[in-house]
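Numbering (my numbering), first residue to last: 3 to 252.
Please read the structure below before turning to the comments.
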Ligand code: 13P
């Protein structure tokens with residue numbers, strides 16, 4: 003059976019004080035069994051979060067990492083080896099906000115590979131824009147984004163990775179894909195994996211992201227190919243995030 007995952011992407015939010023407050027809420031949270039919980043703070047706060055979550059089964063991930071595994075002359079970057087050393091077990095790769103900043107398929111494939119080489123599990127983010135959806139190109143776009151990684155690294159690379167489907171039009175907009183819209187894309191993603199390796203497809207954790215909140219989480223997570231969520235805004239509030247985690251545990 004696939005486990006469910008609920009992960010909070012804090013994006014570029016937080017101060018030392020607000021992170022301390024959020025950590026207190028996370029520490030006090032009763033976590034249901036069977037749900038993998040993770041948070042992705044800005045890299046500046048990774049050490050604070052890892053220290054603050056000692057002894058709590060919440061994994062810490064980074065929002066980005068460098069194209070190469072080892073440290074080197076890459077000003078402003080953080081290598082996945084450094085993330086692993088800090089205690090990070092996950093990293094987001096190819097979030098649409100980074101693709102918009104110019105991150106190409108080639109770059110994110112290097113990041114994905116470098117992260118895995120360091121034992122840091124990539125969470126590959128894919129999703130279409132509103133214009134692409136309205137043009138009927140959703141499955142083509144998502145299929146290409148996933149396909150380029152499969153082509154470069156092989157489907158077996160997804161034995162140790164997570165995929166997050168995040169329609170760009172649903173991110174931070176309050177617009178959520180309907181459970182059926184999300185399910186349709188998730189089923190296509192799983193079918194694309196299955197065409198290469200049925201077992202990889204069966205075990206792959208596919209998360210939905212885009213305006214998930216406590217009020218819509220249970221319905222989304224109830225769909226057969228949705229294995230949890232990648233939560234932005236709602237993960238900054240411990241009560242709301244906790245309610246989403248509980249929805250995944252039911
Ligand atoms: P929101 O939940 O704020 O829409 O963000 C989703 C997201 O981008 C998570 O990575």
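Think of the CB as a built atom: it goes at the ideal place given N, C-alpha and C, for glycine as much as any other residue.
As the structure is a prediction and not an experimental result, all values here were calculated from the model.
Contact check between the stretch 92–102 and the stretch 121–137: three or more CB pairs, one atom from each, fall below 8 Å, which counts as touching.
In this structure, the straight-line span from the alpha carbon of residue 8 to that of residue 74 is close to 33 Å. In the three-state reduction of the DSSP assignment, residue 189 falls in the helix class, which pools H, G and I. Annotation for residue 15 indicates a beta carbon at 7 Å or more from all heavy atoms of the ligand 13P. Three or more Cβ pairs closer than 8 Å define a contact, and the stretch 40–48 meets that threshold against the stretch 11–19. In this structure, the CA atom of residue 248 is about 6 Å from the CA atom of residue 34.
Each residue's CA atom was taken as its position, placing residue 193 and residue 238 some 33 Å apart.
Scanning 190, 97, 157, 161 for the CA closest to the CA of residue 142 turns up 190.
For residue 61, the closest C-alpha among the options 68, 51, 5, 67 is that of 51. Assignment of residue 62 by DSSP, reduced to helix, strand and coil, places it in the strand class.
Partner residues in the beta bridge of residue 207, as assigned by DSSP, are 164.
Residue burial is scored here from C-beta neighbours: residue 178 has at least 16 other C-beta atoms within 10 angstroms and is therefore classed as buried. Excluding five sequence positions before and after residue 121, the CB atoms of its chain that fall closer than 7 Å to its own CB belong to 86, given in chain order. Residue 157 places its beta carbon 8 Å or farther from that of residue 209. Comparing alpha carbon positions, the residue from 184, 93, 94, 152 closest to residue 135 is 184.
Here residue 122 carries a coil assignment [DSSP, helix/strand/coil]. Distances between the C-beta of residue 232 and the heavy atoms of the ligand 13P include at least one below 7 Å.
Assignment of residue 6 by DSSP, reduced to helix, strand and coil, places it in the strand class. Judged by beta-carbon spacing, residue 119 lies beyond the 8 Å limit of residue 166, meaning their Cβ atoms are not closer than that value. Here residue 226 is exposed: its Cβ has fewer than 16 other Cβ atoms, across all protein chains shown, within 10 Å. Burial state of residue 197 is exposed, judged by a 10 Å Cβ sphere holding fewer than 16 other Cβ atoms.
Of the residues 91, 231, 78, the one whose Cα lies closest to the Cα of residue 64 is 91.
Residue state for residue 49 is assigned as helix, using DSSP reduced to three classes. A Cβ-Cβ separation of about 10 Å leaves residue 36 out of contact with residue 4 under the 8 Å criterion. Taking 8 Å as the cut-off, the Cβ atoms of residue 151 and residue 117 do not count as close. In the DSSP assignment, residue 39 falls within the unbroken beta strand (DSSP E) covering 37–42.
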